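Number of protein chains: 2
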Amino acid sequence: MTAVKHMKWWGWGNEGVGFHHEDKPGFAPFVLQAVGLDLLTATRAGEPSFADLKVGKSKATAAFVKQLAAIVGAEHVSTDDMLRVIHTYGKSLRDLVRIRGNQIQRSPDVVVYPADEAQVQAIVDAAVAADAVIIPFGGGSNIGGSLEPHRGEKRVVISLDLGRLREVVAIDAESGLARIQAGAQGPDLEAQLNAKGWTIGHFPDSFTHSTVGGWVATRSSGMQSDKYGDIADICRGLRMVRPGGTLVLRPLPSTSSGPSVREMILGSEGRLGVITEVTVQVHRVPEKRNIYAYFFPNWAAGIEAMREISESDATPSITRISDARETGFTLATSKERHGFSKFTAETVLPALMKRKGWNLDDICISFIGYEGGTAHAKRQKKLTDAIVKKHGGMGVGEGPGILYDQKKFDTPYLRDFLLDMGAAGDVSETAAPWSRLIDVHKNVYAAAQKAYDEIGVKGWIMSHLSHSYHSGACLYFTFAFVFKNDPLGEYNIVKNAIQQAFVDTDATISHHHGVGREHSPWLAEDISPEGVAVMQALFDGADPGSNFNPGKIIDAGY
Amino acid sequence: MTAVKHMKWWGWGNEGVGFHHEDKPGFAPFVLQAVGLDLLTATRAGEPSFADLKVGKSKATAAFVKQLAAIVGAEHVSTDDMLRVIHTYGKSLRDLVRIRGNQIQRSPDVVVYPADEAQVQAIVDAAVAADAVIIPFGGGSNIGGSLEPHRGEKRVVISLDLGRLREVVAIDAESGLARIQAGAQGPDLEAQLNAKGWTIGHFPDSFTHSTVGGWVATRSSGMQSDKYGDIADICRGLRMVRPGGTLVLRPLPSTSSGPSVREMILGSEGRLGVITEVTVQVHRVPEKRNIYAYFFPNWAAGIEAMREISESDATPSITRISDARETGFTLATSKERHGFSKFTAETVLPALMKRKGWNLDDICISFIGYEGGTAHAKRQKKLTDAIVKKHGGMGVGEGPGILYDQKKFDTPYLRDFLLDMGAAGDVSETAAPWSRLIDVHKNVYAAAQKAYDEIGVKGWIMSHLSHSYHSGACLYFTFAFVFKNDPLGEYNIVKNAIQQAFVDTDATISHHHGVGREHSPWLAEDISPEGVAVMQALFDGADPGSNFNPGKIIDAGY
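Protein chains in written order, with this note's numbering: chain A, 3 to 560; chain B, 3 to 560.
This is the structure in C-alpha cells:
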C-alpha cells in the first residue's frame with residue numbers, strides 16, 4: 003500500500019481535525035441571526051459511514067492493472083474502493099454534499115502512484131494506447147469539479163496521483179528559481195525552501211493540502227500575491243508528460259516565442275497532459291513580514307483606499323478589506339478576549355469610532371501586509387497609512403493581523419461543520435476592474451437575496467476584496483444558508499445566481515479557483531463564444547482522443 | 003487613395019530622415035576600427051530605384067477587388083505596386099537586403115484599409131469564403147519576417163492594413179485602463195493619452211512606427227518594462243476578428259478561466275485572426291522621471307549589480323548596462339562635446355577611473371531610471387546607488403541619461419546607413435536566468451567570432467542587458483560586418499550562429515521581437531518539440547483553412 007497520505011474521504015483536512023466554536027462565544031449567536039440555525043439545539047450529523055457507500059465496480063481489467071503495476075510496482079497501484087472514492091471528487095460543496103449523500107456517479111477505476119517522471123510517461127503511454135482516461139490528482143483540494151470522472155465515461159478511468167513526487171529538486175540561488183516536483187504540497191515545499199532561506203510566497207487558503215502542480219493547473223493565487231504575483235507569474239518553467247514525450251519549458255524570465263505554451267498549460271486542469279515538475283520563482287525570506295489591521299467607516303471608502311494604494315508608489319504584500327457583513331462575522335468568530343485586549347476591542351474602539359461619527363454597522367476591517375527590509379516595510383506602511391487616513395480609515399495595530407495570518411488555513415473546516423448541521427457554506431470569487439467592483443458587489447448581493455427568496459430561506463452573504471492589481475482586484479464572496487429539501491438543487495440556485503451576476507457585471511467567472519465543471523457554463527459569457535472556440539481548438543488538437551481529463555473547462559461535444 | 007502614411011518602401015522611417023555622423027567625430031574612426039570600413043573613402047549607394055523593381059502581377063481578380071471596395075470604399079483598396087511592395091516586408095535586415103537587391107518573392111495581391119471593426123469582419127469573412135490569405139499589417143516595423151507572404155502561396159494574399167484604426171476609444175480613469183484601436187502607433191496613442199494626463203509606459207525602439215496591435219501580436223517590450231511590464235502585462239483585454247465573429251476578451255486584472263486565450267493571442271502574429279482593439283493599463287504621468295548614468299569597472303560587476311537591484315526592495319523603471327564594447331560604441335557615437343562637458347568626459351572621468359584602478363577598456367556604462375513621486379524616485383535612487391557602490395560602480399549624473407532617452411528611437415536609421423555602405427548592422431536579443439547571462443554573453447561572442455572567421459571578415463558585436471526580472475534579464479546583441487560576396491548568405495551565417503548559441507545556453511530565441519520566419523527554426527529547441535506540437539494544434543484547430551498569416555512562427559507542414 004502506497005505511503006501517500008490523503009485528506010478525509012468525506013471532508014476537508016486531516017482526520018481528527020475539525021472546526022469548533024467553544025472558544026468563540028459570539029459564533030453561535032451570529033449563526034442564529036445570520037441563517038436562523040440554532041447551534042445549541044441543532045443535531046449534528048455524525049461522520050458518514052463508508053460501509054454504506056455505493057461504489058461502482060472498477061472497469062480496469064486485471065491485465066491493465068498488472069501493466070500499471072509493472073511500471074510503478076504493485077504496492078503503488080490500487081482498485082481499492084476507499085482509494086477510488088478518495089480520488090472521485092475534490093472538496094467543493096457539491097462534492098461534499100454528494101459524498102455525504104451517497105451520490106457517486108462515477109469513480110476512477112484505478113489509482114496509480116508513480117515515483118518519477120519516467121513512470122508518469124510510461125503510465126500515460128500505456129493509458130493512451132489502451133484508450134483510457136487520465137485524471138491527474140494532486141492534493142485533492144480542488145473546488146471547481148475538476149477531478150470527477152465524467153458520469154457517462156465508458157472507458158477505464160485512471161486517477162494519476164502525484165503524491166510521491168514531492169521534492170524540491172534544485173535551487174538556482176543566483177536566479178531565485180526552484181525546481182519542484184508537481185506533487186509537493188505547500189508545507190512540503192515551503193519547509194524545504196525555508197531550510198535554505200527561501201520562500202515561494204504563495205499561500206492560497208488550500209496551502210496545507212494543495213500541490214504546486216495543482217496550483218499551476220488551476221491558476222491559483224495566494225494571499226501575498228500583491229508582492230509575489232499569482233502562480234502564473236511565479237511559474238517560470240515546467241515539465242508536462244504528453245503521449246510519446248515530455249513537453250519541457252525551460253525557466254525563463256520572459257520570452258516572445260509565440261503564443262505562450264506556458265500560459266496554455268496554466269489553468270489547463272489536466273486537459274493537455276500531466277505536469278510533473280514546475281520551476282518557480284523563490285525569494286529570500288524577508289527581514290520583515292508584518293500584517294496590520296485597519297478600520298474604515300464604510301465599504302466604498304475602503305475600496306477607494308485600496309484602489310489608491312494600488313495606484314500609488316506603495317507596494318504592500320497584502321491588501322484586503324472585508325465588507326461590513328464580513329467584518330461582523332470576523333469580530334463574532336474571534337476567540338474570546340480577556341483583560342486589556344477585551345477592554346480595547348469592546349469598549350475603547352467602539353467609543354472611538356462613534357466619536358468619529360461612524361455607524362458601527364457599516365465599519366469594515368482591513369488587513370494590509372508589508373514585507374522586505376525593515377526600512378522598506380516601514381516606508382510602505384507610512385505611504386499606505388497616509389492613504390488610509392485620507393479615506394477616513396484608522397490603523398489598529400498588528401495584533402489582529404497576526405490573528406488573521408494564523409487562522410487563515412482553518413476556514414475550510416468550517417464548511418464541514420455547517421454541513422454536519424444541515425447548512426451550506428461556500429465561496430465564489432471573481433475579479434473585475436476597479437470601476438466595476440462596487441456594482442459587482444451590489445449585484446451579487448441582490449442576486450443571492452433573490453435566490454434565497456426563491457428557495458424560501460434566510461440566507462447569508464459576505465465579501466472581501468483581496469489581491470489588488472493596477473487595474474482591479476478580486477472580490478471574494480462567502481455565502482451560507484440552511485438547506486430546506488434539496489441540498490444540491492438549492493445550492494445550485496444560489497451559486498448560479500452569483501456566477502451569473504459576475505459575468506453580467508463585467509467580472510470573470512473565477513479569479514483563482516479555475517473552471518472545472520462548476521464554472522464551465524459561464525465560460526462563453528466570460529471569454530466570448532469565439533474565445534471558447536479557440537480554447538476548444540487547442541484541446542481538440544492537443545488531445546484528439548480525449549484521454550486527458552475530458553469534459554472539464556469546456557464540456558461541449560463530450 | 004487612402005490617407006494612411008507609410009515608412010519608406012526601401013528602409014526605416016520617414017522620407018528625408020536618415021542617420022548622419024557629421025556631428026559625431028568619433029564615429030568614422032570607430033567604424034574603421036570595428037569592421038574595417040572607411041567611411042571617408044567608401045562610396046555610398048543611393049536610394050534604390052522603384053522603377054527597376056520587379057513586382058509580380060496581382061492575383062486578385064477584379065471581382066474580388068470590387069467586393070472589397072464594396073466593404074471599405076474604392077479609395078481604401080488597392081492593387082498598386084508601390085503599396086503592394088510596402089506591404090511585402092517588415093524592416094528586418096533580411097527584408098532590407100532583399101528589397102534593395104530586387105528580391106521580391108511574393109507580394110500581397112491587394113492592400114485594404116478598413117475603417118472599423120465591422121469592415122474588418124466583412125473583409126475576413128469575404129477572404130475566408132474566397133479561401134484567400136489575410137496578413138494583418140500595423141506599422142510595418144516587424145523584424146521577424148512576420149509580414150511577408152509565403153513564397154509559394156498560390157491563393158490571393160490580402161494585406162489588411164489597420165492604419166485607419168488609430169483612436170484611443172475610451173479611458174476608464176478609475177481602473178487605469180484605455181481602449182485603443184489596434185492600428186494606433188506609439189506617438190498617436192501616447193499623445194492622446196498624455197493630453198488627459200496618462201501614459202502607457204510602453205516605449206519599444208520601434209515606438210515611432212509600431213502599433214499597439216503589433217505590440218500585442220509580437221509580445222513587444224518597452225524600455226521602461228521594469229516598471230510598467232511587457233505588453234503581455236499591459237494588455238488586459240482585446241478584440242480579435244475571426245471568421246464569422248469577433249473574439250472579445252473584456253479587460254480583467256486577472257482571471258483563472260482556463261488556459262489564457264489572451265496569452266494565446268499575444269504573440270500569435272496574425273495566425274489566429276485580426277486584432278482590432280486592445281485595452282491596456284495606463285498610468286498617470288509620473289511626477290518624476292529621471293534616467294541616471296553609472297559606470298562599472300567591468301561587465302561581471304555590472305551584471306551582478308543589476309541582479310542585486312532586481313532582488314532588492316528597489317523598483318527602478320529601467321535597468322540597463324552596456325558591455326565594454328557597447329560602452330566604447332556609445333562614447334564614440336556621442337555628439338561632439340564642448341567646454342566643461344568635454345573637459346569632464348575626456349579628462350576628469352578617465353583620470354578618476356584610472357585612480358580607482360579601472361582598466362578603461364573594461365568599463366561599462368549603465369542607465370538606471372526612476373519614476374514616481376519625487377520622494378519615491380529619490381528613495382529608489384538611494385537604494386540603487388548603494389548597490390552600485392557595493393559593486394564598485396559610480397554615478398555620473400543625469401546628463402548622459404537624458405541623451406540616452408533622446409536618441410533612443412533613432413537607432414534603426416543607422417542600419418540603413420550601413421547598408422548604403424555595403425555593411426550589415428543588426429540585432430538579436432534573448433532572455434535567460436541570471437545564472438546563465440555571463441555564459442550566454444560569452445557563448446554568443448564566440449559563436450559570432452566563429453561565424454566571422456568562416457566568412458573571412460572582421461566583424462563586430464556588442465551587447466547590453468536591459469529589462470530585468472526577478473529571475474533573469476534580457477541580453478541584447480548588436481552586430482555588424484562588411485559584406486563580402488553574398489549579403490544574405492553571410493548575414494544568415496552570423497545570425498544563425500547567434501540564435502543557436504542562445505538556445506544552446508538555456509536562453510530563449512527572442513525576448514521581444516517575436517518568432518516570424520527568422521526565429522522559427524529554433525522554436526523546437528526553445529519550447530521543446532512537444533511544445534511546438536501543442537502550439538501547432540492551436541493553429542490548426544483555430545485556423546483549419548490556413549487563411550491567417552500561414553507559415554509564421556511554425557512553418558511545419560505548410
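Virtual Cβ for every residue (Gly too), placed ideally from N, Cα, C. For clarity, every value in this text was computed on a predicted model and none was experimentally measured.
Where does residue i land, buried or exposed, given buried means 16+ other C-beta within 10 angstroms?
i	result
B/G543	buried
A/H89	buried
B/V459	buried
B/H443	buried
B/G18	exposed
B/H285	buried
B/P31	exposed
A/Q107	exposed
A/S312	buried
A/R417	buried
A/P489	buried
B/F209	buried
Where residue i and residue j are concerned, what is the direct C-alpha to C-alpha distance, given to the nearest angstrom?
i	j	result
B/P435	B/G239	29 angstroms
A/K356	A/F297	13 angstroms
B/A326	B/Q35	15 angstroms
B/W12	B/E49	8 angstroms
B/Q69	A/I556	37 angstroms
A/F369	B/G92	51 angstroms
A/Q451	A/A334	22 angstroms
B/Y294	B/G397	7 angstroms
B/M9	B/H204	21 angstroms
B/A388	B/Q382	10 angstroms
A/E456	B/S258	30 angstroms
B/W200	B/Q283	10 angstroms
B/K380	B/Y372	8 angstroms
B/N487	B/A425	11 angstroms
B/D97	B/E400	37 angstroms
A/T332	A/E279	38 angstroms
A/D190	A/G215	13 angstroms
Excluding the 5 residues flanking residue i on each side, which residues of the same chain have their C-beta closer than 7 angstroms to its C-beta?
i	result
A/R309	W436
A/R339	A347
By Cβ distance, which residues of its chain are closer than 6 angstroms to residue i, with the 5 residues on each side in sequence left out?
i	result
A/P138	L162, G272, V276
A/R264	L251
So, at 8 angstroms on beta carbons, what are the nonlocal neighbours of residue i in its own chain, with the 5 sequence-adjacent residues on each side left out?
i	result
B/K26	A334, T335, S336, K337, E338
B/H393	F298, A303, G304, E306, A307, E310
B/R221	D232, I233, A234, L268, G269, H514, G516
A/L254	R238, G239
**Message:** At 3 residues or longer, what runs of the beta strand (DSSP E) sit wholly inside the region 208-283 of chain A?
**Reply:** 237-244, 247-251, 276-283
**Message:** Which residues of the region 71-92 of chain B have a Cβ closer than 8 angstroms to any Cβ of chain A? Give them in chain order.
**Reply:** none
**Request:** Starting from the N-terminal side, write out each stretch of the alpha helix (DSSP H) that is 4 residues or longer and does not extend beyond the region 76-152 of chain B.
**Result:** 83-88, 95-102, 119-131
**Message:** Can you pull out the residues from the region 229-253 of chain B whose beta carbon lies closer than 7 angstroms to at least one beta carbon of chain A?
**Reply:** D232, R238, R244, G247, T248, L249, V250, L251, R252, P253
**Short-range partners of chain B found in the region 456-474 of chain A, where Cβ spacing is below 9 angstroms** = H469, S470, Y471, H472, S473, G474
**alpha helix (DSSP H) runs wholly inside the region 433-479 of chain A, at least 4 long, in chain order** = 439-457
**Request:** Could you please tell me which residues of the region 256-275 of chain B, in chain order, have their CB closer than 9 angstroms to any CB of chain A?
**Result:** S256, T257, S258, S259, G260, P261, S262, V263, R264, E265, M266, I267, L268, G269, S270, E271, R273, L274, G275
**Request:** Would you list, in sequence order, the uninterrupted alpha helix (DSSP H) runs of no fewer than 4 residues that lie entirely inside the region 311-399 of chain A?
**Result:** 326-334, 341-345, 351-357, 376-392
**chain A contacts made by the region 505-530 of chain B, where a contact means CB separation under 7 angstroms** = D508, T510, I511, S512, H513, H514, H515, G516, V517, L525, D528, I529, S530
**Request:** Please name the residues in the region 540-551 of chain B whose beta-carbon is closer than 8 angstroms to at least one beta-carbon of chain A, in chain order.
**Result:** L540, D542, G543, A544
**Request:** Closer than 7 angstroms, Cβ to Cβ, to anything on chain A: give me those residues from the region 126-152 of chain B, in chain order.
**Result:** none
**Request:** Taking a Cβ distance cut-off of 9 angstroms, strictly less, list which residues of the region 196-228 of chain B are near chain A, in chain order.
**Result:** T220, R221, S222, S223, S227
**Prompt:** Taking Cβ-Cβ distances below 8 angstroms as the criterion, which residues of the region 278-294 of chain B are in contact with chain A?
**Reply:** Q283, H285, R286
**Item:** Contiguous beta strand (DSSP E) assignments of at least 3 residues, all confined to the region 153-186 of chain A
**Value:** 159-163, 170-174, 179-183
**Prompt:** Which runs of the alpha helix (DSSP H) spanning at least 4 residues fall entirely within the region 13-53 of chain B, listed in chain order?
**Reply:** 29-37
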